[in-house]
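Colleague: Starting off with a structure, shown below.
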Amino acid sequence: MNFDEFHLDSEILSGVKRKGFSEPTPIQHQSIPEALNGHDVLGLAQTGTGKTAAFLLPVIQKIHKDKSRHIKSLVVVPTRELAEQVYQDALEFAFPGKPSSYISNIWRRKQVSSNSSSPAGSRPGNRLSWQATRSYA
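Going from the sequence shown to our numbering is simple: count from 1 and add 15.
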């Protein structure tokens, strides 16, 4: 199997190739089709097996299909380093040179609202702080 068989948008496939991926790893092979079909996925695999791509590629595919102007996905991770890694991977897969949001602290919330149609990334505490300052009409 190769990534073409997932029927991802051409821009996403270009990002996959840019990152040097040729064939899906076992975690990607098993989880990507399920996630693309709207199923919840819980995956467990060793470090370096492609777990980030396993969940990011379906998320990015759904973002590409939804043209509305709001945050379509929020990935919450436990550490700043992992948040930065996931954020960079998302940019490299499908958003090179496009604005996006990374909630690193409450004071940067204006960046998130000004780029509201792009992906957002956060750690749990920062996300809660940011959400607490948002006004919901």
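Here a beta-carbon is modelled for each residue, glycine too, at the ideal position from N, C-alpha and C.
Closer than 8 Å is the cut-off here; do at least three beta carbon pairs connect the stretch 48 to 58 with the stretch 86 to 95?
Modeller: With the cut-off at 8 Å, the stretch 48 to 58 and the stretch 86 to 95 do not touch.
Colleague: Report the three-state DSSP secondary structure of L97 (helix, strand or coil).
Modeller: L97: helix per DSSP, three-state reduction.
Colleague: My guess is that G63 and I42 are in contact by the Cβ rule of under 8 Å, so how many angstroms apart are they, rounded?
Modeller: With a Cβ gap of about 11 Å, G63 and I42 do not count as contacting.
Colleague: By a C-beta neighbour count over all protein chains shown, 10 Å radius and 16 as the cutoff for buried, is T94 buried or exposed?
Modeller: Exposed: under 16 other Cβ atoms inside 10 Å.
Colleague: Could you check the C-alpha separation between L97 and D55 for me, to the nearest Å?
Modeller: Those two C-alpha atoms are separated by around 21 Å.
Colleague: If you reduce the DSSP assignment to three classes, tell me which class H54 lands in.
Modeller: The answer is coil: DSSP assigns H54 none of H, G, I, E or B.
Colleague: If I'm right that I27 touches Q76 with Cβ under 8 Å, what's the distance once you round it to whole angstroms?
Modeller: Contact flag correct, Cβ pair sits at about 6 Å.
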